[in-house]
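Encoded as structure tokens, the structure appears first; notes follow it.
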Amino acid sequence: MHAAFATSHNPARIRWNEKYSQRGLDSLRDSPSNWLVKHEELLRAQAKGWALDLACGNGRNAIYLARLGFTVEALDLSDVAISWLAKKVRTQQLAVHPKLRDLESATLPAARYQIILNFNYLQRSLFEQISDALSPSGVLIFETMTRDHIEVLGREFNSKYLLDHNELLHAFSDLRVLHYRETVIIDKASEKPKAVASLVARKK
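Throughout the sequence shown, residue numbering follows our numbering, covering 420 to 623 in sequence.
Now the structure itself:
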């Protein structure tokens, strides 16, 4: 057992550490998000520099950005995930910097990142910080579940962590929206439908 896992008193950290320890991070999907790959042309055209992956999990999206030439800070609450990812990127000599962070209390630096990723994670209190953390012309790529996950698909989920209709669109009204959708996709990891809102937006 990882030492930090044994001593952590953060309930969310304990829960995610248990999940990752039981399933094994090697068993998780390692291909990047389809929504991210769909915008590879935009990413290749973006000025290279620092990128940020919030709630990075096993780092699949951070690794994808690093291979496109970005230097990526990959943040996650789980020390099990961060330790595993640190070893992986060190072995592969990738420009990914895994960091243990509780995003509920984290402060993001202003105007630092060319790219910010937020996948399968919802913390509304971070929205303003995310906008501020983008450098001029920086790009936000965001995707997470909506209330249709319950209302349309009939799935069980904590509604606190589900977006309302058009919420994501309006949350970043200070950015220029390039692409937006609310739809049902097939999650490749579980092979089950998932209702999502997906956004690509640029800082003006």
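Glycine is no exception: its CB is placed at the ideal position from the N, C-alpha and C atoms.
Please identify the residue among the options whose C-alpha is closest to the C-alpha of residue i.
i: Leu519; options: Ser502, Ile560, Ser554 and Tyr532; result: Ser502
i: Gly468; options: Arg600, Val558 and Ala431; result: Val558
i: Leu504; options: Lys623, Asp472, Ala525 and Thr526; result: Asp472
i: Leu618; options: His598, Ile534 and Ala525; result: His598
i: Ile534; options: His589, Glu459 and Arg574; result: Glu459
i: Ser544; options: Ala590, Arg531 and Val508; result: Ala590
i: Tyr532; options: Lys506, Gln548 and Leu587; result: Gln548
i: Asn429; options: Leu496, Lys438 and Ser450; result: Leu496
i: Leu541; options: Thr510, Phe561 and Ala608; result: Phe561
Tell whether a beta-carbon distance below 9 Å holds between residue i and residue j.
i: Ala474; j: Leu455; result: no
i: Gly478; j: Asn539; result: no
i: Asn436; j: Asp521; result: no
i: Thr602; j: Glu586; result: no
i: Leu513; j: Ala485; result: yes
i: Ser440; j: Lys607; result: no
Once you ignore the five residues that flank residue i on each side, which residues in its own chain have a CB closer than 6 Å to its CB?
i: His516; result: Glu492
i: Lys611; result: none
i: Arg600; result: Ser617
According to the neighbour-count rule (16 or more other Cβ atoms, all chains shown, within 10 Å of its Cβ), is residue i buried or exposed?
i: Asn480; result: buried
i: Ser452; result: buried
i: Lys622; result: buried
i: Ala431; result: exposed
i: Thr563; result: buried
i: Gln465; result: buried
i: Ala614; result: buried
i: Ala616; result: buried
i: Val508; result: buried
i: Ser524; result: exposed
i: Ser550; result: buried
i: Ala422; result: With a pLDDT of only 38 at Ala422, under the threshold of 50, the placement of this residue in the model should not be trusted, and no figure is reported.
Spell out whether any CB of chain D is found under 9 Å from the CB atom of residue i.
i: Ser609; result: Of the chains in the structure shown, none is chain D; there is only one protein chain.
Return the chain-ordered list of same chain residues with a C-beta closer than 8 Å to the C-beta of residue i, the five sequence neighbours on each side being excluded.
i: Leu461; result: Val558, Leu597 and Val619
Quick one: residues in its chain with C-beta nearer than 7 Å to the C-beta of residue i, no 5 flanking neighbours on either side, listed in chain order?
i: Arg574; result: His568
Check whether the stretch 483–499 touches the stretch 563–570, taking contact to mean three or more Cβ pairs, one atom from each stretch, closer than 8 Å.
no
Determine contact between the stretch 572–583 and the stretch 545–556, defined as no fewer than three beta-carbon pairs at a distance below 8 Å.
no
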